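*Asks:*
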Amino acid sequence: MLILDVKTRWSSTHQMMNRALKYRPAITQFIADNPDLHGVELTMHDWNAISLVSDWLFHFRSATSQMSIISRPLLSLTHKIFRGLQKTLKEKLVALPKDSSSELGTH
Numbered sequence: 001m002l003i004l005d006v007k008t009r010w011s012s013t014h015q016m017m018n019r020a021l022k023y024r025p026a027i028t029q030f031i032a033d034n035p036d037l038h039g040v041e042l043t044m045h046d047w048n049a050i051s052l053v054s055d056w057l058f059h060f061r062s063a064t065s066q067m068s069i070i071s072r073p074l075l076s077l078t079h080k081i082f083r084g085l086q087k088t089l090k091e092k093l094v095a096l097p098k099d100s101s102s103e104l105g106t107h
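Right under this line is the structure:
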């Protein structure tokens, strides 16, 4: 079963994208089998963007989960998690393909 996005919870966006990637062959086949859906099929470019954003959101979800384990995260733990997140995101930014700005445009 696919997961729907909830605008107020970015973790649901990660779950939705992850599930879509898992069921990519079934989604592609379903669209191919239903002519009324032609025109909304995802391109390779779309799937690559979904994979990239899902990877980014994984790190945010992981950081959130780590801070949610205890009722009051210690400042030292929170600082360590944020520093790790900053480091990871800097690495991801450096590794972005040159054309990714058009892929990841804001809406």
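Quick note: the sequence shown, position 86, residue 86 per the UniProt record's numbering, numbers continuous. Backbone N, C-alpha and C define an ideal beta-carbon position, used for all residues, glycine too. The structure displayed is predicted, hence computed values, not measured ones.
Nearest-angstrom Cα distance between PHE58 and HIS14?
*Replies:* Here residue 58 refers to the residue found at position 58 of the sequence shown. Here residue 14 refers to the residue found at position 14 of the sequence shown. Roughly 7 Å separates the two Cα atoms.
*Asks:* Measure the CB-CB distance between LEU2 and TYR23 and report whether it falls below 8 Å.
*Replies:* Within the sequence shown, numbered from 1, the residue matching residue 2 stands at position 2. Within the sequence shown, numbered from 1, the residue matching residue 23 stands at position 23. Going by C-beta atoms, LEU2 is nearer than 8 Å to TYR23.
*Asks:* Taking just the CA atoms, how far does VAL94 sit from ALA63?
*Replies:* One-based indexing of the sequence shown puts residue 63 at position 63. One-based indexing of the sequence shown puts residue 94 at position 94. Whole-angstrom Cα-Cα distance: 21 Å.
*Asks:* Please classify VAL94: does DSSP put it in a helix, a strand, or coil?
*Replies:* Numbered from 1 along the sequence shown, position 94 holds the residue referred to as residue 94. Of the three classes helix, strand and coil, the one that applies to VAL94 here is helix, per DSSP.
*Asks:* Is there a Cβ from chain D that is less than 8 Å from the Cβ of SER54?
*Replies:* Absent from the structure: chain D. Only one protein chain is present.
*Asks:* Quick check on DSSP: helix, strand or coil for VAL6?
*Replies:* Within the sequence shown, numbered from 1, the residue matching residue 6 stands at position 6. VAL6: strand per DSSP, three-state reduction.
*Asks:* Take the Cβ of MET17 as the centre, count every other Cβ of all protein chains shown within 10 Å, and call the residue buried at 16 or more, exposed below.
*Replies:* Against the sequence shown, residue 17 aligns to sequence position 17. That one is buried.
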